[in-house]
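For reference, the structure discussed in these notes is given below.
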Amino acid sequence: MINYLRGDVVSVLRSHNKRIMLVLEVNNIGYEIQIFSRFAREIEMNDIVNVQVFTHLQIRDDQQVLYGFMSAAGRDLFRQLIGVSGIGVQSAIALIDTLGLEDLVQAIVTGNTRMLAKTPGVGQKTAERIALELKTKLSQWRIEAGININQEKATPSPEIWADLEMTLLALGYTNDEIQQAVSVISQDSILLKNTMVEEWIRRAIAHLSAEIN
Numbered sequence: 001m002i003n004y005l006r007g008d009v010v011s012v013l014r015s016h017n018k019r020i021m022l023v024l025e026v027n028n029i030g031y032e033i034q035i036f037s038r039f040a041r042e043i044e045m046n047d048i049v050n051v052q053v054f055t056h057l058q059i060r061d062d063q064q065v066l067y068g069f070m071s072a073a074g075r076d077l078f079r080q081l082i083g084v085s086g087i088g089v090q091s092a093i094a095l096i097d098t099l100g101l102e103d104l105v106q107a108i109v110t111g112n113t114r115m116l117a118k119t120p121g122v123g124q125k126t127a128e129r130i131a132l133e134l135k136t137k138l139s140q141w142r143i144e145a146g147i148n149i150n151q152e153k154a155t156p157s158p159e160i161w162a163d164l165e166m167t168l169l170a171l172g173y174t175n176d177e178i179q180q181a182v183s184v185i186s187q188d189s190i191l192l193k194n195t196m197v198e199e200w201i202r203r204a205i206a207h208l209s210a211e212i213n
């Protein structure tokens with residue numbers, strides 16, 4: 001079993017089916033590793049040329065696939081997810097990519113199935129199954145893994161969330177961008193008391209526009 005690889009980044013390739021492959025050279029051997037979009041952005045935005053990749057090897061009848069993660073905790077969470085009935089590799093990848101490590105663990109531990117169900121391909125019933133099967137396991141595991149979560153993490157009301165998400169998606173923003181924007185603007189205690197969805201939309205767009213520029 002390969003625990004991790006450390007080597008030089010040769011290339012980051014995106015295929016037509018939206019899978020992202022990292023070609024990593026280790027001791028003159030080029031490894032092809034499927035990575036997440038968050039990991040790819042980290043490499044590209046910071047011009048990383050040498051990186052440590054924690055790996056998970058999946059063996060099927062017709063192929064072997066090596067999956068890569070930024071941290072051992074990310075890989076361990078991935079393994080926990082694919083152990084849930086009905087959760088395949090692509091669903092696990094989508095969950096981690098959409099919510100990020102800490103927010104995903106928080107959603108599971110706090111039973112926030114609404115947040116889990118925002119992941120493409122993950123419906124409400126699947127979200128409930130994930131929370132049911134992993135809530136207790138992750139409550140202890142996240143302490144051992146050093147993942148801190150805020151049980152009282154502030155978020156807008158479900159009604160505001162629904163209207164805000166629908167509007168921003170219609171404007172062309174991705175789920176990942178929306179999650180990140182709402183996480184930032186929710187730190188404003190005054191905004192949290194505001195029940196006008198128009199103000200939430202205005203603030204989210206302002207944040208997203210500033211990030212793009």
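The opening residue of the sequence shown carries number 1 in UniProt numbering; numbering runs sequentially from there. Don't be surprised by glycine CBs; every beta carbon is placed ideally from N, CA and C.
- Of the other Cβ atoms in all chains shown, fewer than 16 fall within 10 Å of the Cβ of Thr-195; this residue is therefore exposed.
- For Asn-17, the closest of Glu-25, Gln-34, Ala-181, Gly-30 by C-alpha to C-alpha distance is Gln-34.
- The distance from the Cβ of Ile-96 to that of Thr-55 is about 15 Å, inconsistent with a contact at the 8 Å cut-off.
- With a cutoff of 8 Å on beta-carbon distance, Ala-73 and Leu-116 are scored as not near each other.
- Looking at the DSSP output, Glu-144 sits in no beta bridge, so it has no partner there.
- In the DSSP assignment, the residues bridged to Gln-52 are Arg-6.
- Rounded to the nearest whole angstrom, the CA to CA distance from Val-26 to Glu-42 is 20 Å.
- Inter-segment contact for the segment 123-140 and the segment 102-111 is present: three or more beta-carbon pairs are separated by less than 8 Å.
- For Phe-39, the uninterrupted alpha helix (DSSP H) run begins and ends at 37-45, by DSSP.
- Val-105 is positioned such that its CB atom lies no closer than 8 Å to that of Arg-75.
- Under the three-state reduction of DSSP, Leu-171 is assigned to coil, being neither helix nor strand.
- Taken through DSSP and simplified to helix, strand or coil, Gln-106 comes out as helix.
- Comparing alpha carbon positions, the residue from Gln-64, Val-122, Leu-66 closest to Ser-91 is Val-122.
- In this structure, the straight-line span from the alpha carbon of Ile-147 to that of Asp-47 is close to 26 Å.
- Under the criterion of beta carbons closer than 8 Å, Gln-80 and Lys-118 do not qualify as touching, at roughly 19 Å.
- Taking 8 Å as the cut-off, the Cβ atoms of Ile-190 and Thr-167 do not count as close.
- Rounded to the nearest angstrom, the Cβ distance from Phe-39 to Ile-93 is 10 Å, too far for a contact under 8 Å.
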